[in-house]
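One structure is given below, encoded as structure tokens.
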Amino acid sequence: MEHPENSKEYEGLQVNAGVDHQEIVNPYLNRMRKKRTRLFTPAEYVDGILKGDVTMLSQAVTLVESTLPDHQQIAQEVIEKCLPFSGNSVRLGISGVPGAGKSTSIDSFGIHVLEKYGGKLAVLAIDPSSEKTKGSILGDKTRMERLSIHPKSFIRPSPTAGSLGGVARKTRETIILCEAAGYDKIFVETVGVGQSETACHSMVDFFLLIQLAGTGDELQGIKRGIMEIADGIAINKADGSNIDKAELAASHFRNALHLFPVPDSGIVPEVVCYSGFYDLNVDKVMKMVFDFVDKTKESGYFQYRRNEQSKYWMYESINEHLRNKFYFNPTIREQLPEMEKMVLGGQMTSFIAANRLLEDFYEQLKK
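If you use the working numbering, the sequence shown closes out at 472, no skipped numbers anywhere.
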């Protein structure tokens, strides 16, 4: 095909030759893939963590989150050696509906805590993963602009990868490593979808529920499940023309809280209005948290709650181990598809199928 720039009327036009077709794949990709972080010994990880080495802490957390048996073995040994140096922090769980401003609020809370109370802060943010691709954005750091560059903070986003319980257990283990590294304030941010709140509550000293006003959520929030486990409620975005709506929502929540029995701590949850974006009344929210911690330490409830949490996670670990042992058993994996067909075909009830699988599993254990 003749190009118009080659005609005589364009004789003075100089046309440069184009470049050859370039590969869309980075030629250095394979070289980059081969470069892997080498594994250290458990003693080296522990030594680095106790010295406050952020790189060693990050690598140890990666091992904790890994599903590879070799990594898990090293991680468990590191956790066991770090355990005597843990337990000396204030653990704050933060939850709320998507869009409530949790990440922005954590940025504001964190800066306030570091400036007023000092010490070091670790933020463990659980990000929801795609059910299709299992991928996760892990973009919480982008909404924690000040904390992400603060020398005394450590932010670690973790994907749920479809398993809230598993991530919760790994988050609890990560808390131990962070405390051993000298972080005396731990924030745990949840994905804010039902079951994760219960898991988060089982590993923190104060569970903060962030709510919004003017979204029709005032009555939606008055539900026994989430309200009963909240140690305090903070209504975000109480700024500008939204202040009156926030105060009205706060009164609704206060009235609702009086309908519930007094919590085990003996302290009725407070309701505070604030604005994370504009740093308004952030000091009141943090005062509510640390006053609660001080009161529970005096009454002994603080240690009682920690003990109950440890017991809870012992049973959770047992349940998870037994479940994995059952489903990864070769005989059970072979029989499951057949049993499914029989149940779906109406040849066997679900309960009989389950009993037979369990009986076969017990027989395998005896051998």
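Glycine included, every Cβ here is placed at the ideal spot set by N, Cα and C.
Query, Result
"Three-state secondary structure (DSSP) of G345", "helix"
"Whole-number beta carbon distance between F312 and C305, since they are thought to touch under 8 Å", "7 Å"
"F395 beta carbon less than 7 Å from that of F431", "no"
"Any 3 or more C-beta pairs closer than 8 Å across the segment 373-386 and the segment 338-354", "yes"
"Test item: CB-CB of A230 and E294 under 7 Å", "yes"
"Nearest residue (CA-CA) to R261, options V228, A285, E352, L252", "V228"
"Alpha carbon of A355 to alpha carbon of Q316, nearest angstrom", "9 Å"
"Per-residue DSSP class, three states only, for P203", "coil"
"E333 to P368 span [Cα, whole Å]", "8 Å"
"Simplified DSSP state of Q316, which is helix, strand or coil", "strand"
"L385 - DSSP class collapsed to helix/strand/coil", "strand"
"Delimiting residues of the beta strand (DSSP E) encompassing F292", "290-294"
"DSSP state of G215 mapped onto helix, strand, coil", "helix"
"T146 burial status per 10 Å Cβ neighbour count (16 or more: buried)", "exposed"
"Range covered by the alpha helix (DSSP H) that runs through G153", "147-155"
"Touch test, the segment 206-226 against the segment 184-192, Cβ-Cβ under 8 Å, three pairs minimum", "no"
"Counted within 10 angstroms of its Cβ, other Cβ atoms place E323 as buried (16 or more) or exposed", "Bear in mind that the predicted position of E323 carries a pLDDT of just 48, short of 50, making it unreliable; the figure below should be weighed with that in mind. Answer is buried; the Cβ neighbour count reaches 16."
"Residue ranges of each alpha helix (DSSP H) within the segment 378-424, 4 or longer", "387-404"
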